[in-house]
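These protein sequence lines map, in sequence, to chains A and B. For the record, in the first sequence the residue sitting at position 14 is 13 according to numbering that gives the first Met the number 0, with numbers rising by one throughout. For the record, in the second sequence the residue sitting at position 440 is 439 according to numbering that gives the first Met the number 0, with numbers rising by one throughout.
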Amino acid sequence: MKLRYAVPAGVLVSSILFAGCGQTGTATQQPAATTKDAGATTQTTTPAASAPNFDQAVTAYRTYAIEQCDTFVKKTEEFTNAVKAGELDKAKALYAPARMYYERIEPIAEALGDLDPNIDARDGDVDAADWRGFHRIEKTLWEENTTKGMDEFSERLLSDAKLLRAKVETVNIDASLMVTGAVELLNEVSTSKVTGEEERYSHTDLYDFAANVEGAQKIYDILKTDLNQKDAALEKQIGERFTALQQELAPFKDGEGYVSYTKLKPEEVKKLSQNLDALAEPLSQMGKLLGV
Amino acid sequence: MKGFKRQKGQEKPQYAESHNEQDDLVKKDAKLVEDKPSGKSKSVSRRDLLKLAGVGGLGLLLGGGGVGAVLSAGQRLESMMTDADTKDVIPFYGKHQAGIVTPAQDFICFAAFDLTTSDKEQVRSLFKAWTEASATMTSGVLLGNDNENLNLPPSDTGEAAGLSPSRTTITFGVGPSFFDGRYGLAGLKPAGFRELPRFQGDALEEQWCGGDIGVQVCANDLQVAFHALRNLARIARGTAVLRWTQEGFQRTAQADPAGSTPRNLLGFKDGTGNPDTSKADEMNRLVWTQASDGPAWMGDGSYMAVRRVRMRVEVWDRSTLGDQEDTFGRHRSSGAPLGKVKEFDKLDLAAKNPEGKPVTPPTSHVALAHGDGSINILRRSYSYSSGLDKQTGQLDAGLLFISYQRDLFKQFVHIQEKLARNDKLNEYIVHKGSAVFACFPGVSQGGYIGDTLF
């Protein structure tokens, strides 16, 4: 179990590698038991003895992740109901907003085995026979302009979402996961959202973009006080660059949502990407929090 | 959805395998350390491994210890370097910036940056950080203190770890746009320093032009040069972004141990007429801006012109040798002026052939570039090859022309205007990119790039 979860996400989930065993279905308010252990095991040179206590931060993030998951299930149900009812326009309108709750906590979902591919794989990510989830339905809705044939995919998506909600309680969150997860969220934007590859049929990439950034910012907000004590200049720089990125994104807001990716000019994509890199670089230094 | 999660169910065995392989490597390498007191295979640390890998590579040896301050790194470097290593390091600090009269290394990574901040203090901080990083990288030392910490991204990107400093030089300059309203420096802009005029025949493309800052990285190894540029760009994130880059090459020392004049991609020697960089007087006259030229902060600096010149190699390849030699005004094989034998034989533009026509066509490249011989520049060009022109399927190859001069307009512009109008070579080349940079004087220990300006 450990390796299976740890390897796909690479270095990112080194914390999960050593945590999370045999803790299924416990209460939501469980303590972050393994920060120290994870630290000691993953480091060869520096002991993590001086690491601050992140219990409060972990609790806050767990609460956030569960809230997002709860709403994700609810919104996914509304979306899949619309698909099954054959309400094409309604389904299209509900698609991108529902996904945002998932995109905010994607590192958590990725730590849970096959759930991420089942919910979020794009065409070509998995064997054609295994392809299901949001993007499978997205393709039919936008390419074929129909909801026909999507009943079963809708039901499976909803049950996968519910499974995620159930499993999220078993993820052992620690400060290391949060720190690396924040960077991972921005890397997601950098590799697939800013390029328009994620939502290749609906072109709703900016919803995902915004949600990934919000998810990263939530982690920063939670760890901000600790980070400020460790490295005030770094904390300030990250805060400023979140603001700068939000300002770059703001003109593309459209009511409650965002404009189509196809409306972006190449130089606007470039600027968003550069602002993202500018933020992700100092954000990747948040590991200094871990007392190293 | 992450791309590399595609292969479901295979992660575990893959991981286990590679893990074992690593263990095996550790064991194998450990056996090589014969004189290591605690040479038990299992106790070889990652740092020992790094040291092993870095034998002969100062960067890793020093960097593995987490070298922070440039000064201490320099001191340690000195005590550990052999003669061969010393020859491989070009000092970063000095009266003039390195990379100008330094004999041209084998490779270049050039980059133009645009500043994204409007805060002068942030620019100053960037230049300070760049100074420290440049001094460190040109010494062949890993950047920063976090190269062993498993909880952080390494502070050095690592691709030059264990490699020799490779005579790396990093040369900085600022473009005319640096002196616009953003930083309150407009008053310090050198009089007459501006983008080049549009020359006849120019086909400039925005993507190869301009920049607030120009950085020329040269080294005898492309990977080492790229590493330096990449880390400068990384340090700049949030303050400056890359505007354009171009890599280039000359022949390597391995291919030409004698270090003769390099040939351009049209097959001709390029740079024969360069001034003698060993003569300080000549460099002061032609290359180094004198404090009296104004402004004072540019004293001991130089002005750099950069032109990305595409060569129509396909067209050139079907022109006759006679036409090619008339175009350059030199013999292809020897580089000698037409009618002469040796490369450095004196150019005689007045010489006539039996029919009474000039031996060297007046519109040949060398005739126009040389003129009456009174105006010269220091050329430091590299060839480039950037894949294909997608539209035509022809090679996008040519010359990244770089010249240094004391006065851009009296020297470079004067020559280029003549060339642009009449040069026979214009049939085979087209200027696609253009930029100019005021290169600061050298940095002294404790100072930083541009400190005379700030």
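Beta carbons are placed, not taken as given, at the ideal position from N, Cα and C, and that holds for glycine. All figures in this text were calculated on a predicted structure; none of them were measured in a lab.
- Beta-bridge partners of E158(B) (DSSP): none assigned.
- Spatial neighbours of D204(A) in its own chain (CB-CB distance under 6 Å, excluding positions within 5 residues in sequence) are listed in chain order as K192, G195, E197, E198, Y260.
- A distance of 9 Å or more separates the beta carbons of F112(B) and V442(B).
- For Q245(B), there is no enclosing alpha helix (DSSP H); the enclosing beta strand (DSSP E) has its first and last residue at 239-248.
- Ranked by how close their Cα comes to the Cα of L271(A), the residues M285(A), P250(A), V125(A), L289(A) have P250(A) in first place.
- For I374(B), the three-state secondary structure derived from DSSP is coil.
- At a Cβ-Cβ threshold of 9 Å, S133(B) and L221(B) do not count as neighbours.
- When secondary structure is reduced to three states using DSSP, S163(B) falls in the coil class, being assigned neither helix nor strand.
- In the DSSP assignment, Y101(A) is bridged to no other residue.
- A Cβ-Cβ separation of about 7 Å places P360(B) in contact with K423(B) under the 8 Å criterion.
- Boundaries for I172(A): no alpha helix (DSSP H) harbours it, and the DSSP string shows neither H nor E there.
- For R309(B), there is no enclosing alpha helix (DSSP H); the enclosing beta strand (DSSP E) covers residues 301-310.
- D115(A) and H134(A) have their C-alpha atoms some 12 Å from each other.
- By the C-beta density criterion, V173(B) is buried, having at least 16 other C-beta atoms within 10 angstroms.
- With a beta-carbon spacing of about 6 Å, V412(B) and L195(B) fall inside the 8 Å limit used to define contacts.
- Contact annotation: E105(A) and E187(A) have beta-carbon atoms nearer than 9 Å.
- Straight through space, the alpha carbons of R166(B) and D105(B) are spaced by roughly 10 Å.
- The continuous beta strand (DSSP E) containing A437(B) extends over residues 428-438.
- Rounded to the nearest angstrom, the gap between the Cα atoms of N148(B) and L289(A) is 11 Å.
- Short of 7 Å from the beta carbon of L275(A), and not among the five residues preceding or following it, lie these beta carbons of its own chain, in chain order: L185, V188, S189, V193, L244.
- The straight-line gap separating the alpha-carbon atoms of F208(A) and L282(A) is approximately 17 Å.
- Residues of chain B with a Cβ closer than 7 Å to the Cβ of K147(A) do not exist; the shortest Cβ-Cβ separation is about 25 Å.
- DSSP, reduced to helix, strand and coil, places T194(A) outside both helices and strands of the structure shown, so it counts as coil.
- With contacts defined by Cβ atoms closer than 9 Å, D225(A) and F53(A) form a contacting pair.
- Remark: fewer than three beta-carbon pairs, one from each stretch, lie closer than 8 Å, so the stretch 53-67 of chain A and the stretch 119-126 of chain A are not flagged as touching.
- Under the three-state reduction of DSSP output, P336(B) falls in the strand class.
- Counting only residues of its own chain and dropping the five nearest sequence neighbours on each side, E255(A) has a CB closer than 8 Å to the CB of P96.
- Under DSSP, F400(B) forms a beta bridge with R306(B).
- Within chain B, N150 have C-beta atoms less than 7 Å from the C-beta of L289(A), given in sequence order.
- Taking a Cβ-Cβ cut-off of 7 Å, the neighbours of G286(A) in chain B comprise N150, L151, given in sequence order.
- For S272(A), the enclosing alpha helix (DSSP H) has its first and last residue at 265-282.
- In chain order, D230, L233 place their CB closer than 8 Å to the CB of Q284(A), counting only its own chain and leaving out the 5 sequence neighbours on each side.
- Residue range 381-387 is occupied by the beta strand (DSSP E) that includes L387(B).
- Per DSSP, the continuous alpha helix (DSSP H) segment holding A243(A) begins and ends at 231-248.
- Per DSSP, the unbroken beta strand (DSSP E) holding D113(B) starts and ends at 106-114.
- Within the stretch 212-240 of chain B, those residues whose Cβ lies closer than 7 Å to any Cβ of chain A are, in chain order, R233, R236, G237, V240.
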